[in-house]
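Numbering (the working numbering), first residue to last: 13 to 533.
Given below as structure tokens:
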């Protein structure tokens with residue numbers, strides 16, 4: 013046996029590579045940061061698309077798909093980079109830092125000032141960032157291959173890549189968005205990307221041509237991102253001031269939603285992810301219509317559960333009944349109950365209901381809460397946001413209402429807020445049909461709330477619901493004479509055929525989006 017250039021029968025041993033140098037170890041560490049930053053820009057784009065366009069499953073799916081496709085394009089394009097690889101890596105890092113870091117701020121501003129351009133900017137920036145990130149890893153691997161065995165190179169680079177992705181996927185919803193918000197988070201990670209470029213500038217200072225020009229570019233990008241970081245709150249306020257018609261009193265981001273409270277001629281307004289939840293001027297109409305038809309009909313409710321309604325307004329109405337001994341408020345987002353339990357003005361709006369000794373607050377998913385307990389309640393008030401996405405839509409399914417039935421006392425009543433029977437007629441009757449599908453009796457009704465228009469509700473129970481003889485004193489909207497009128501539906505809101513909303517099909521989310529989309533356009 014022989015080898016090229018060797019004598020017959022003699023095998024020339026392979027010459028081992030010298031092994032990773034400190035510079036290679038530093039470059040591998042940068043892969044961790046690069047991967048973390050890349051995934052964060054993807055998550056930020058998906059979150060913003062969900063806030064603005066709704067249907068989080070659709071938005072995250074399309075954003076992730078676009079981003080991965082762009083990464084593939086970037087990886088393919090990397091073959092055309094043949095010389096000066098460290099310089100190319102540095103420039104790409106600076107571009108990713110600038111474009112990715114600015115992505116949340118640009119999209120926030122676009123939604124406020126040029127909403128028609130939001131989708132174009134969203135997918136354009138995702139494509140651009142994804143392509144640039146797709147270029148990075150192949151370039152790093154080609155730089156490292158001079159000193160690291162291929163089998164070690166691939167395993168090490170991918171290990172750091174996946175670890176960076178894991179770190180940011182955990183930190184994004186639990187720490188970054190709640191503490192910093194999307195705009196500041198994006199700019200912070202852009203700054204980190206730029207820091208990697210500065211690191212590369214130092215590591216390859218002896219290989220780079222035009223070192224001064226590269227150093228100046230790093231300084232300019234870092235300065236721009238630092239200025240953005242310092243002014244992040246002003247950027248967010250500037251965008252939101254345009255989006256909301258009234259002055260913003262406070263705004264915050266939780267892992268679940270963006271919470272904004274404004275103040276104007278209609279008093280205070282609460283918005284969750286840009287959707288109006290109540291207006292101080294007429295919220296009493298909504299909450300009286302939601303709570304009192306079931307509470308008064310029961311007669312002497314002792315144990316009450318409120319699902320959703322973290323603002324405490326429904327709890328305020330429930331506590332008007334002296335017979336009530338305990339109220340359990342199940343609210344997914346602790347930021348809501350903390351805000352409405354601590355802010356002086358908001359506490360005044362809900363009558364300081366969240367401080368009641370009768371109240372127990374449980375911050376968890378209502379679906380899981382129904383599954384995991386066995387206590388029954390005389391009245392259950394269901395006050396969720398409208399089914400704008402699948403996460404909320406599951407709370408309007410037959411599976412949810414079957415669980416609700418199990419937690420109702422034999423003589424108990426539940427009530428569900430059920431969107432507008434005028435604007436979203438099919439959606440409204442889908443909820444009624446779904447409640448009936450689990451064997452409960454459904455009594456739909458509606459009330460006019462100026463901030464929302466005609467709004468619908470459904471009573472669910474095992475026994476027939478009858479109009480109560482009297483209501484608590486001091487109500488501003490309802491009285492015994494007006495209550496029966498809420499159950500009459502004119503022709504344009506009358507029942508239409510509807511499909512049962514199931515976990516397996518979530519037809520309500522699609523129907524709701526279709527009906528409200530016609531109004532928006």
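For each residue, glycine too, the CB sits at the ideal point set by N, CA and C. Since we're looking at a predicted model, the values are computed, not measured.
Could you round the C-beta distance between residue i and residue j to whole angstroms and report it? I think they count as a contact, below 8 Å.
i           : j           : result
residue 274 : residue 259 : 6 Å
residue 329 : residue 314 : With 8 Å as the limit, residue 329 and residue 314 do not qualify as a contact, their Cβ atoms being about 16 Å apart.
residue 48  : residue 176 : 4 Å
residue 374 : residue 341 : 7 Å
residue 302 : residue 427 : 6 Å
residue 473 : residue 425 : 5 Å
residue 144 : residue 134 : Residue 144 to residue 134, Cβ: 16 Å. No contact.
residue 468 : residue 456 : 6 Å
residue 366 : residue 230 : Actually they do not touch by this definition, with Cβ atoms about 50 Å apart.
residue 85  : residue 54  : The pair is not a contact, with the Cβ atoms about 15 Å apart (cut-off 8 Å).
residue 433 : residue 458 : 5 Å
residue 199 : residue 241 : 5 Å
residue 285 : residue 63  : 5 Å
residue 113 : residue 237 : 5 Å
Assign residue i to one of two classes, buried (16 or more other C-beta atoms within 10 Å of its C-beta) or exposed (fewer than that).
i           : result
residue 356 : exposed
residue 462 : exposed
residue 436 : buried
residue 27  : At residue 27, the pLDDT of 47 sits below 50, so the modelled position is not reliable; the number obtained from the coordinates is stated separately. Exposed, because fewer than 16 other Cβ atoms sit within 10 Å of the Cβ of residue 27.
residue 15  : Because residue 15 sits at a pLDDT of 44, beneath the cut-off of 50, its placement in the model cannot be relied upon, and the point is left open.
residue 376 : exposed
residue 153 : buried
residue 343 : buried
residue 531 : exposed
residue 441 : buried
residue 321 : buried
residue 219 : exposed
residue 173 : buried
residue 19  : Note on residue 19: pLDDT 46, under 50, position unreliable in the model; the coordinate value appears next. The residue is exposed, with fewer than 16 neighbouring Cβ atoms inside 10 Å.
residue 215 : buried
residue 280 : buried
residue 417 : buried
residue 526 : exposed
residue 304 : buried
residue 422 : exposed
residue 270 : buried
residue 132 : exposed
residue 348 : buried
residue 395 : buried
residue 351 : buried
residue 21  : Low confidence applies here, because residue 21 scores a pLDDT of 49, under 50, leaving its location unreliable; read the following figure in that light. Result: exposed.
residue 529 : exposed
residue 202 : buried
residue 13  : Any reading at residue 13 is ruled out, since the residue's pLDDT is 43, under 50, leaving its predicted position unreliable.
residue 445 : buried
Hey, would you say residue i sits closer than 8 Å to residue j, going by beta carbons?
i           : j           : result
residue 148 : residue 101 : yes
residue 470 : residue 430 : yes
residue 453 : residue 476 : yes
residue 43  : residue 204 : no
residue 168 : residue 40  : yes
residue 209 : residue 142 : no
residue 233 : residue 326 : no
residue 116 : residue 185 : no
residue 253 : residue 282 : no
residue 512 : residue 411 : no
residue 244 : residue 196 : yes
residue 524 : residue 346 : no
residue 235 : residue 213 : no
residue 359 : residue 382 : no
residue 99  : residue 251 : no
residue 156 : residue 165 : yes
residue 492 : residue 483 : yes
residue 104 : residue 137 : no
residue 501 : residue 300 : no
From the beta carbon of residue i, is the nearest beta carbon of chain C less than 8 Å away?
i           : result
residue 301 : Included in the structure is just one protein chain, with no chain C present.
When you compare the stretch 65-74 with the stretch 139-157, are there three or more beta-carbon pairs, one atom per stretch, that lie closer than 8 Å?
No, because fewer than three Cβ pairs between the stretch 65-74 and the stretch 139-157 fall closer than 8 Å, the two stretches do not touch.
Let me know the beta strand (DSSP E) ranges lying completely inside the stretch 306-342, each 3 residues or longer, listed in chain order.
You should have 315-320, 338-342.
Which runs of the beta strand (DSSP E) fall wholly inside the stretch 215-292 and span at least 3 residues, in chain order?
Runs found: 259-265, 270-276, 279-284, 287-291.
Three or more C-beta pairs below 8 Å linking the stretch 303-314 and the stretch 385-393:
The answer is yes - the stretch 385-393 touches the stretch 303-314, with three or more Cβ pairs under 8 Å.
At what residue ranges does the stretch 422-451 contain a whole run of the alpha helix (DSSP H), taking only runs of 4 or more?
Qualifying alpha helix (DSSP H) stretches, in chain order: 437-449.
Does the stretch 511-521 come within contact of the stretch 397-411, defined as at least 3 CB pairs closer than 8 Å?
Under the Cβ criterion (8 Å, minimum of three pairs), the stretch 511-521 counts as touching the stretch 397-411.
Inside the stretch 472-503 only - beta strand (DSSP E) runs reaching at least 3 residues
Segments of the beta strand (DSSP E) lying fully in the stretch 472-503: there are none.
In chain order, what are the residue ranges of uninterrupted alpha helix (DSSP H) at least 4 long that sit wholly in the stretch 130-218?
If we require 4 residues or more, the alpha helix (DSSP H) runs fully inside the stretch 130-218 come out as 130-156, 162-183, 189-215.
List, from N- to C-terminal side, the beta strand (DSSP E) runs of 3 residues or more that fit wholly inside the stretch 352-382.
If we require 3 residues or more, the beta strand (DSSP E) runs fully inside the stretch 352-382 come out as 371-374.
Unbroken alpha helix (DSSP H) runs of length 4 or more, entirely within the stretch 34-118: which are they?
Counting whole runs of 4 or more residues, the stretch 34-118 contains the alpha helix (DSSP H) stretches 34-65, 68-89.
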